[in-house]
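The next block holds one structure in the form of structure tokens; read it before the comments.
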Amino acid sequence: MLLLQCPWCGDRSEEEFACGGEGDIVRPLVPEELDDRAWGDYVFMRRNEKGIHFERWRHAHGCGRWFNVARSTVTHEILASYQVGDDRPELPE
Amino acid sequence: MRQAINRLAEGGRIDRTERLSFRFDDEIMYGHPGDTLASALLANGVRLVGRSFKYHRPRGLMAAGGEESNGLVRLRQGGRAEPNVRATEIVLFDGLVAESQNRWPSLRFDLGALNDRLSPLFPAGFYYKTFMWPANLWPSYEAVIRRMAGLGKAAKSGDPDRYEKKYAHCDVLVVGAGPAGLAAALWAGRTGARVILADEGTELGGALLGNGQQIDGRPGTAWVAGIEAELAKAANVRLLPRTTVGGYYDHNALTLLERVADHLSKPDQGQPRQRLWQVRAKQVVLATGALERPMVLANNDRPGVMGAGAVQTYINRYGVRPGRRAVLFTNNDSAYRVALDLAQAGVEVPAIVDLRAQAPLGWRAELDRFGIEVMADRAVLGVAGRNAVTGVQIGKLNAAGNGVVPGLARRIECDLLCLSGGWTPSLHLLSQSGARLRWDGTPGCFLPGEAHQAVRVVGAANGDFMLQDCLTLGAGAGKSAANDAGHQHRGRGPRKPVAAVEADPTPPRPIWSIPGPGRDGRKSGGKAFVDFQSDVTAADLRLAAREGYHSIEHVKRYTTVGMGTDQGRTSNINALGIVADALDVAIPQVGHTTFRPPFSPVTFGALAGGQTGPLLDPARRTPMHGWHQANGAVFEPVGQWHRPYYYPKAGEDMAAAVNRETLAARTSLGLMDATTLGKIDIRGPDAAEFLNRIYINGWKSLAVGGCRYGLMLGEDGMVFDDGVTARLAEDHFHMTTTTGNAAHVHDWLENWLQTEWPDLAVYCTSCTEQWAVAALCGPNARRLMASLCPGFDLSAEAFPHMTWQTVAIPGVLEGLEARIFRIGFTGELSFEINVPAGHGLALWEALMAAGEKYGITPFGTEAMHVLRAEVGFIIVGQETDGTTTPDDLGMGRMVSSKKDFLGKRSLSRSDTMRQDRPQLVGLLTDDPGHRVPEGAQLIAGNNPAPPQRGLGHVTSSYHSPNLDRTFALALLQGGRGRHGETIHIAYDGRAVPAQVTAPRFLDPGEAAK
Ligand SMILES: [Zn+2]
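So the protein lines, in turn, are chains A and B. Just so we're aligned: the first sequence equals residues 1 to 93 in this note's numbering. Just so we're aligned: the second sequence equals residues 10001 to 11009 in this note's numbering.
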């Protein structure tokens, strides 16, 4: 049971959140210009990192806001929690 | 009647002035407050308490705590009956009833014991090897296995008790209230930190309750009482006895099972039976102790073979001597103190058999005083007796410990054999927390390795077996844990406790399996059990190794070692050692199996807590629900909503009711509660642009006052919701979604607004429950509305299809206006009347009253499904399955070419452009009375025998009174080009011929306008 930091509400238990999978995926601005492979990469292909995973969570049973989390998929340690639109923070090695 | 022949005249923590009566199988016996069922049975001279799982061998108690593998009983009766409860953990209460398990017809005479004689037929992997072939006999195999196997029987009637869940936060959670845990809790508590101290036992004290050790010059139990008194008074410390910490999850989240009332015959008024805690701790201190391992030797499961530490606990804590004449067999020092305690309790102790060449010297004088012989460099090779121990055979092992030196055999008569095969730190929780364990060959056990969470391990769990170390290191861990949680001692901490001096230990000699008494050391002389609960022997493990199982995880599953409810508490290390020996590798190379929660079994009741019966899932009901109930509606769950399914009249079955409702809506007037439709209020200057990106069709051209049907796609191009959205103002829309998908759609909108298009000024608010909706439809709908809204121009010209208006309904909505939408889902002339939820019932009743002259008929979801399917309207989730595009549904023309929208690019991928994709069609079976099941597969030929290439499937299938026949909708490969063809619908071994048609059976026609 993770303890996640909602940037608006603070530390809350995982059961209040919904995980939105990999974060920082940008929707192509002009999809029609992409070939099938490039569009398919955007729609279907996701990283499955052993190590630090940047992902999105939504405080579904709280303020309803989406935010970003950097989480170790090995230890489940949360290395950072930051707002949508913010740059990825510097992470300790 | 039985006498308590093994009860000592004095000593122990029991109250001899009060008698508690209890029944075990057919016998009534007595015990005292302070007893467990196990100690009371032993006091009454009961040796045989159960039969083993596989071989049905007679078994007696072997432990005094949670590691007991044999003494599993069925406790209580009726709805409170609970199987597989450890007798050692059952607090005795007056009137207790328990039954032995795994025996038939009785414990003494058990037919299943034949399995023991037939044991060559039950090798490791028996199930895998035997019940393989032929496959069609599996059902009869299963019946046999189910009868013979399984541990105990569950209650058949409902559980009358109440269970609770509780959430808590703390600075320091201390698990285990032995000397180390108590010291940790005391030091942490003195800082003012919020401390929770949880322990499985009824009393705090752990091993101190049973081992007679001294602290600060007085009995350890007196020290415990002093600490407990202080902790109980501290407002920042919560004591949880009878509480097992069973799960250690991420970020220091732990689950605790508190047995609130299990020590009573039934819970007091208003008391829950058990309470499941979820605790989030800043710091955790694990003081979970260590468990004594048995020795693996021939017939080591005979009743009367017990753990040495357990025997000590029975004497010192319960005032029970488990035998009259005891031999101890050990590979470490801990049994020596037990021998003296036994002798002091009046038990004859002829010998301590010590595997080590050098027995410890410090005990000499005291042992001599009781005439106890120490037989160093000797081993117990086997146990005599069947239903009870009658003696042991002793010999000398060779230097490697894998064979017997001939000519030195000796037999000693005894009725009790106390085994100490060394101590295994209880690191289940630590391992669950993600920490690694490291093997230490000197004590011969795994010790804590690198931790991943904020956790400390102290006491015997950390391999600190000396009492002074437990106290000192426990106190230090409690203090540093509190410090790390932000609390400091003001002034000095508590005075450091001092334990009585102990001699330095002589290192143990681990020999994982004692060779049998046969001449070559291989002839076993009887089964040598490793896992008593799962009936796994040393020979089973060696066989698995010979058969190629080299991973301990595979050995575990193949032999079932460690798979009982005790999770291998006493068997894991012995099993590892035996497998490592068999493979000729070191133990760390074999590794250990993964520990998974829960540490101890948890009742389903505790997991469910209060969420049972009507509280299982929240029920959502519309404001008109009471009317539906009063008028006999049958309800259907749609998500959490309870929707009227149909309204049967007296004597009507479902088909008759649905036919009547369907006909009424087409011929005169029907009324449906549409409140459950998802509604989202969308507002903001960019609202139209936003909808343009969300829906496949255009929205900027929609005039205020207009309504439009829209489809939403995922980025993969597949339909995921549909509905009608109305423009309330330039910057204000009212969106409707399918009932079951409302929350999902709202999340979807928020996702895009928050993360991808934060530049759009748009706000979405769910208003599903703010509006009650009555959907009126049928040729008489306009007449009825006219009577309700006098003076309002309802003509098709003034109020056309796909528009909405605010309308006053005098007598129903005083001072308020309804939003009326000229939209519908049945193809009939329709009005969807939205009123503030609180007025829903008044509206409904007014419509029913005014519609009486038209025979207004309330209809449920089933008639609605028939009506919409007749005119070819789809239901998302029924005609679509997440792989369906707009074009597959025949809605390709809705797709706007003038703009981008979510999922658009996917519609031109090679796969979505395929001509042979499943496409929506209608199906008319050759037999008009034949209704095929939804989900049935479509095939080309009339032979249903597999293998077949599926061409699609039936998505909807109904009987239509308006068509006077059955009809179906289906997704059929290349279906749009196959109208007029005959295909077959395969199910139940038949192939039903049907004609492919357009997916529309009735035309809405002019009436709907
Ligand atoms: Zn929040």
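Glycine is no exception: its CB is placed at the ideal position from the N, C-alpha and C atoms.
At least 8 Å separates the CB of V69 (chain A) from every CB of chain B. A10582 (chain B) is positioned such that its CB atom lies no closer than 8 Å to that of N10252 (chain B). For H59 (chain A), the shortest separation between its Cβ and any heavy atom of ligand 1 lies below 7 Å.
With fewer than three CB-CB distances shorter than 8 Å, the stretch 10753 to 10772 of chain B does not count as touching the stretch 10649 to 10662 of chain B. For D10464 (chain B), the number of other beta carbons within 10 angstroms of its own is at least 16, and it is reported as buried. Among the residues of the stretch 10245 to 10263 of chain B, those with a Cβ less than 7 Å away from any Cβ of chain A are Y10249, D10250, H10251 and A10253, in the order of the chain. Residue contact with chain A for E10715 (chain B): present (Cβ-Cβ distance below 8 Å to some residue of chain A). The Cβ-Cβ distance between P10637 (chain B) and G10247 (chain B) does not fall below 8 Å.
Among the bridge pairs identified by DSSP, I10985 (chain B) is matched with B:L10938 and B:V10992. The alpha carbon of G10838 (chain B) has as its nearest neighbour, out of B:I10694, B:V10895, B:W10771 and B:L10829, the alpha carbon of B:W10771.
Among the residues of the stretch 10751 to 10766 of chain B, those with a Cβ less than 8 Å away from any Cβ of chain A are N10751, Q10754, T10755, E10756 and P10758, in the order of the chain. With respect to chain B, the C-beta atom of R27 (chain A) has a partner C-beta closer than 8 Å. With contacts defined by Cβ atoms closer than 8 Å, G10045 (chain B) and N10070 (chain B) do not form a contacting pair. In the displayed model, E10553 (chain B) falls within a helix according to three-state DSSP.
Secondary structure note for W10187 (chain B): its alpha helix (DSSP H) is the uninterrupted segment P10179 to G10189.
Taken in chain order, the members of the stretch 10883 to 10911 of chain B whose beta-carbon sits within less than 7 Å of a beta-carbon on chain A are D10900, K10904, R10905, S10906, R10909 and S10910. The beta carbon of W8 (chain A) sits closer than 7 Å to at least one heavy atom of ligand 1. Contact between the stretch 10666 to 10683 of chain B and the stretch 10769 to 10789 of chain B is present: three or more C-beta pairs spanning the two stretches fall below 8 Å.
Contact between E10750 (chain B) and G64 (chain A) holds, since their C-beta atoms are separated by about 6 Å, short of 8 Å. At least one heavy atom of ligand 1 lies closer than 7 Å to the C-beta of C63 (chain A). Contact between the stretch 10557 to 10572 of chain B and the stretch 10333 to 10341 of chain B is absent: fewer than 3 CB-CB pairs across the two stretches fall below 8 Å.
The CB of G10434 (chain B) comes closer than 7 Å to the CB of T75 in chain A, given here in chain order. Fewer than three pairs of CB atoms, one per stretch, sit closer than 8 Å, so the stretch 10536 to 10547 of chain B makes no contact with the stretch 10497 to 10508 of chain B. CA-to-CA, the gap between E10366 (chain B) and L10419 (chain B) works out to about 20 Å. Within chain B, the C-beta atoms nearer than 8 Å to that of G64 (chain A) come from E10750, in chain order.
Residues of chain A whose Cβ lies closer than 7 Å to the Cβ of H10452 (chain B) are, in chain order, T75. Under the three-state reduction of DSSP, I10227 (chain B) is assigned to helix. Note on T10955 (chain B): 16 or more other CB atoms within 10 angstroms of its CB, so buried under the neighbour-count rule. Judged by their CB atoms, G10395 (chain B) and L10408 (chain B) are nearer to each other than the 8 Å cut-off.
With respect to the C-alpha of P10425 (chain B), the residue from B:A10326, B:R10569 and B:F10370 having the closest C-alpha is B:R10569. Annotation for Y10167 (chain B): the continuous beta strand (DSSP E) segment containing it runs Y10163 to V10175.
Any Cβ of chain B closer than 8 Å to the Cβ of E32 (chain A) would place that residue at the interface, and such an atom is present. Beta-bridge partners assigned by DSSP to E10348 (chain B): B:R10325.
Identification of chain B residues near D36 (chain A) by a Cβ-Cβ cut-off of 7 Å yields R10909 and S10910, ordered along the chain. By the neighbour-count definition (other C-beta atoms within 10 Å, threshold 16), N48 (chain A) is an exposed residue. Contacts between W39 (chain A) and chain B, judged by CB atoms closer than 8 Å, involve R10905, S10906 and R10909 in chain order.
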